[in-house]
Amino acid sequence: MDLESDKEKIKKILKNYELQPGDILAIGLPGEAGFNKNFLIDREGVITLPEVGQLKVSGLPMSQVEDVIFSRLSEVFLGLDKLTIHLKEKRLLITVLGYVTKPGEVDIPSNGNVQTAINIAGGLVAGAQINKIQLQRNGEMQEFNFKKYLDSGDRSLIPKLQSLDVLFVPSSPELGNVHGDMDSSDDMSDLAEARDTIKVFGEVAKASSLPYQEGMSLIDALLRSGGVTRYANVEQIRIIDKGEPSLFNLKGFLDNGDESALVALSKGATIFVPTQVEAVQGGGRIVYVMGQVQKPGSFETGNNVSFLDVLASAGGPNRYADTRMVRILRSNGEVEPFNLQEYAEGSGDKLPVIVPGDAIFIPEKSVEEDQSWLKLATDESIQLLGAIKKPGRYVWSDKITFMDLLGHAGGPSAQADTSNIKIITSDENGKAITSIFNMEEFVESGGSWSQVPQLQGGSVILIPERAQDPNDNKAQWLQLPKEQAIYLMGAVKNPGRFAFNNKLDLLDIITAANGPDKDADLSRVRIVHRGEGKPRVSVVNLLDYFETGDESLLVKVQVGDSIYVPSTERGWTEKKTEDTVRVLGAVTTSGRYDFINEMTILDLLAEAGGPTTTAYVEKIIIVNTSCCKNQAYTFDLMDFMKDPDASYLPVLRAGDTVYVPDTTMSYWSIFMDAVKDSLSVLSLITIIKGF
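Quick note: the sequence shown uses the numbering used here, first residue 10, plus one each step.
This is how it looks when you write it as structure tokens:
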């Protein structure tokens, strides 16, 4: 019900609405090409209909307009029962004149305002005086301040528009009387007023000829000319007033604010702002800033001007400035160093006092690519050499620690030997002193920061490189000092000198050589301990270690020791008597054989290929060699085979001799040989007697 009632209200309002110029009517009549479009009510209040002509409709309510149009069309057209007439849009016809881009008649929406009309007219032209815009309606004129509306947005400050209103935007009285380019005749016509204007030119944003106003000052004239440019010499502004030239120091006025120095201008005054001339300046109030600053040059100083004031006037240090090496060059020839970086961090000295005639020099920081390395004195630098990512000379400061310097240089390289870093310093007499720092142990195990070397100017830090595999390049072994090496020889895959420290053990160094060879005799690994003042040799049985896992069997090795892994294929002259057992007699392969205490005579005979078919195994002779006396005893292998009791096996030791006699050595064999010999003699005698 509410929706239906609202529609009825709207229809009633439209029926009673009085049309005005600018409104648009939509008139539709099917089958007629001249209709079915919009009809604008012109400023005379009429619309133009096809075949009928002009019809005045402004001032009439909508209900009456429908009747008037229907009556006039019925004179010419038939079938008007399908005629439709309705108000398409309410519009306002406004005339906008004066200082706008496109002056003329515009139509705006019914809810439009002054700003809408001006914008449709192309907007304001430079020089328009918007605080005195005029509204002309029915022969009356109303002036309003459009500027206040723009400042506040208060719509009550501007009048509400009606159709046929006229808006006039006047020009500013500050503009001249001539529009466009002037010729000589124009100049002569405007000569009288030109004599009274204030002329401003030079280094200003816009050279101007300003109309004179009572009490106008130099500041007013410069502001109305857009202000001075960045190149203006504001200390030497020239003024010609009443034929008298004078200079005005704008900078000094802004510094002290003395109003007495700012005099009012007269009619026809001329103001010239000169360009700042790049020339050498000197005098009793000048200081100089040189080097790596944004704007080096000479600057005025005063009683309360500090070092930072002068530096700020020069734009401050640039990105290449070495603020730790600032120098103050005094006028009397003295040079005073100053560390601006430490001062900025709150740990430096006080600011130096700057007096006229002094010069501030900020040098360029040293970079790695800079070939002018002679700029940096030896006692002000530290040399970083060896296996490091960015070796070179670095600026030294007592605030820099060893770790700071190493980090700044990118840290050690992948091949650096950080356990043997050498630091070369000088004592009071200039003698070089070399110290060793084990950074690897310090990093892994920790310690007091007092253990880190203390640096001084002129120090040299050398980080050696770990020796590479000497098998690839034999010259590489020269890089490894013998104080850091251990020697591995014999039956290993890669014998040689290897870097070693006290954290490693015997297995580490053998593994570094890619392990033992296939012919290695791990039961007799020999270690020569060279760093104990007297010779000492240890023998390690690695086979026992791998069988038991007993760590006590491993001998501790140190830097400088020599390790020899013998081979099982060595000649018999290389084997010591006390390390072997000799097997002689009626065996397949007699000789010397390696022997360990876990072996028995059976193992030894089997290693020798076993007894021969003529071996006299009932009486095997064992010759035992000991520290006190030598002894021999026999062993009956045949009886043992009949009754295999291991307790009857003879005890053998390395250095013993085993002899297996032949059957020819038995008593029966000797007897039978004697019998044979006897028979041979008897046979010989018998033969002789037969003759």
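Ideal placement from N, C-alpha and C gives every residue a C-beta, glycine not left out. All values derive from a computational prediction rather than experimental measurement.
Exposure label - residue i; buried when at least 16 CB within 10 Å
| i | result |
| --- | --- |
| Gly-342 | exposed |
| Ile-391 | buried |
| Ile-445 | exposed |
| Pro-653 | exposed |
| Ser-193 | At Ser-193 the pLDDT is 39, less than 50, meaning the model places this residue with poor confidence and gives no usable figure here. |
| Asp-570 | buried |
| Asp-174 | buried |
| Met-412 | exposed |
| Leu-256 | exposed |
| Gln-493 | buried |
| Thr-93 | exposed |
| Thr-57 | exposed |
| Asp-264 | exposed |
| Ala-423 | exposed |
| Phe-509 | buried |
| Leu-259 | buried |
| Val-123 | buried |
| Thr-673 | exposed |
| Ile-228 | exposed |
| Met-150 | exposed |
| Pro-326 | buried |
| Met-10 | Unreliable placement is indicated for Met-10, whose pLDDT of 45 sits below 50; no coordinate value is reported for it. |
Assumed close pair residue i, residue j - CB separation to whole angstroms, cut-off 8 Å
| i | j | result |
| --- | --- | --- |
| Ala-137 | Ser-180 | 7 Å |
| Phe-507 | Ala-521 | 5 Å |
| Arg-475 | Asp-553 | The pair is not a contact, with the Cβ atoms about 34 Å apart (cut-off 8 Å). |
| Lys-141 | Glu-152 | 6 Å |
| Leu-562 | Val-549 | 7 Å |
| Leu-69 | Glu-27 | 7 Å |
| Leu-274 | Ala-230 | 7 Å |
| Ile-631 | Pro-659 | 5 Å |
| Val-593 | Tyr-657 | The residue asked about is misnamed: residue 593 is Leu in this sequence, not Val. The Cβ separation is near 22 Å, so there is no contact. |
| Thr-110 | Gly-132 | 5 Å |
| Val-178 | Tyr-108 | 5 Å |
| Ile-33 | Asn-47 | 5 Å |
| Ser-532 | Ile-442 | Their Cβ separation, rounded to whole angstroms, is 49 Å, which puts Ser-532 and Ile-442 out of contact at 8 Å. |
Cβ pair residue i, residue j closer than 8 Å
| i | j | result |
| --- | --- | --- |
| Thr-643 | Arg-591 | no |
| Ala-655 | Thr-589 | no |
| Thr-598 | Ala-617 | yes |
| Ile-432 | Ile-470 | yes |
| Ala-330 | Val-298 | no |
| Ile-472 | Ile-430 | yes |
| Leu-64 | Val-55 | yes |
| Leu-613 | Leu-661 | yes |
| Arg-204 | Ser-217 | no |
| Pro-30 | Ser-226 | no |
| Pro-112 | Ala-135 | no |
| Ser-435 | Asn-447 | no |
| Ala-615 | Pro-670 | no |
| Thr-238 | Leu-219 | no |
| Ala-317 | Val-335 | Note on identity: in this sequence residue 317 is Leu, with Ala being the wrong assignment. No, the Cβ-Cβ distance between Leu-317 and Val-335 is not below 8 Å. |
For residue i, the nearest candidate out of the options (CA to CA)
| i | options | result |
| --- | --- | --- |
| Ile-167 | Pro-182, Gln-143, Gly-148 | Gln-143 |
| Leu-611 | Phe-649, Thr-557, Gln-245 | Phe-649 |
| Glu-437 | Thr-622, Gly-467, Asp-267 | Gly-467 |
| Val-566 | Pro-575, Tyr-602, Ile-495 | Ile-495 |
| Arg-333 | Asp-318, Glu-354, Val-314 | Glu-354 |
| Leu-360 | Leu-320, Met-71, Ala-130 | Leu-320 |
| Val-564 | Pro-220, Val-335, Arg-601, Asp-517 | Asp-517 |
| Glu-253 | Thr-279, Leu-232, Glu-268 | Thr-279 |
| Glu-449 | Leu-394, Pro-59, Asn-511 | Asn-511 |
| Glu-627 | Ile-207, Asn-633, Lys-651, Gln-640 | Lys-651 |
| Gln-465 | Gly-416, Ile-519, Leu-393 | Leu-393 |
| Leu-338 | Gly-439, Pro-365, Ser-315, Asp-358 | Pro-365 |
| Gly-236 | Tyr-221, Lys-215, Gln-222, Gly-224 | Lys-215 |
| Ala-418 | Asp-407, Gly-395, Lys-440, Gly-456 | Gly-395 |
| Pro-59 | Glu-53, Phe-210, Ile-36 | Ile-36 |
* Asked: At a cut of 8 Å, does the region 342-353 reach the region 397-404 through at least three beta carbon pairs?
  -> no
* Asked: Can we say the region 518-530 touches the region 494-504, given the rule of at least three CB pairs closer than 8 Å?
  -> yes
* Decide if the region 362-372 is in contact with the region 299-307; the criterion is three or more beta carbon pairs, one per stretch, under 8 Å apart. => yes
* To do: Give a yes or no on contact between the region 69-77 and the region 100-115, applying the rule of three or more CB pairs nearer than 8 Å.
  => no
* With contact counted as at least three CB pairs below 8 Å, one residue from each stretch, are the region 82-92 and the region 36-51 in contact? -> yes
* Can we say the region 532-549 touches the region 454-466, given the rule of at least three CB pairs closer than 8 Å? -> no
* Does the region 111-119 come within contact of the region 153-165, defined as at least 3 CB pairs closer than 8 Å? -> no
* To do: Answer yes if the region 268-283 comes into contact with the region 243-250, meaning at least three C-beta pairs across the two stretches below 8 Å, and no otherwise.
  => yes
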